[in-house]
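I have placed the structure first, in the form of structure tokens, so that the comments after it can refer back to it.
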Amino acid sequence: MIRPENQRAAGEAADLIDAVAGALGKLTGMRSARDALTASATVEHGRITVVVNASGSIVETLYADGIDELSYGQIARATVQAAQEAAAEVERKKKALLGPLGTLRLGLPSAQELPDELAALRSQLPEPMRAPLTPPAGRAGSKPRRAGNRILDR
1090 MIRPENQRAA GEAADLIDAV AGALGKLTGM RSARDALTAS ATVEHGRITV
1140 VVNASGSIVE TLYADGIDEL SYGQIARATV QAAQEAAAEV ERKKKALLGP
1190 LGTLRLGLPS AQELPDELAA LRSQLPEPMR APLTPPAGRA GSKPRRAGNR
1240 ILDR
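In terms of the numbering used here, the sequence shown opens at residue 1090 and continues consecutively.
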């Protein structure tokens, strides 16, 4: 039985626990969405396309017909350019996705302000996963590309 003088504190503690649990759920969802992000960039008039994952690592590089009109140096520079553009795009997508996280944090106390029992909830946070290095089409649960969507099919 909770004493009447502690009723308010108990209610605030319950609300805090609910807020932290809700924030953990949102954070897990945001991390999963972030890890699934990819971005692509195409350069040299559609002849070179690079796809990067959420970490900015190249997961797929496609060269279209007409690539043989470029020198090896042009191909190398254009591939790097496409990779950099795709990495910048995936960073923009991450910032847009994770933007609400800042407002979510503003409503919660810091770990130092929490009692030890509540701080233990931190152990429930999922470990950050590395973004996959497989092309988007090769991942489990991804939709296969239509034959006409591939740059090499042009």
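Just so you know, even glycine gets a beta-carbon here, dropped at the ideal spot from N, CA and C.
Under the DSSP definition of a beta bridge, which residues are partnered with residue i?
i	result
L1150	The sequence given here has Thr at residue 1150, not Leu. DSSP output for T1150 lists V1139 as bridge partner(s).
S1129	V1140
What is the DSSP secondary structure of residue i, counted as helix, strand or coil?
i	result
A1122	helix
R1181	helix
Can you give the beta carbon distance from residue i to residue j, rounded, assuming they're within the 8 Å contact cut?
i	j	result
T1117	I1137	About 36 Å separates the two Cβ atoms, so there is no contact after all.
V1109	A1171	At roughly 42 Å, the Cβ-Cβ gap does not stay under 8 Å, so V1109 and A1171 are not in contact.
A1176	S1129	Actually they do not touch by this definition, with Cβ atoms about 11 Å apart.
I1164	I1156	7 Å
Original post:
Are at least three pairs of beta-carbons, each pair with one atom in the region 1113-1127 and one in the region 1141-1152, less than 8 Å apart?
Top reply: yes
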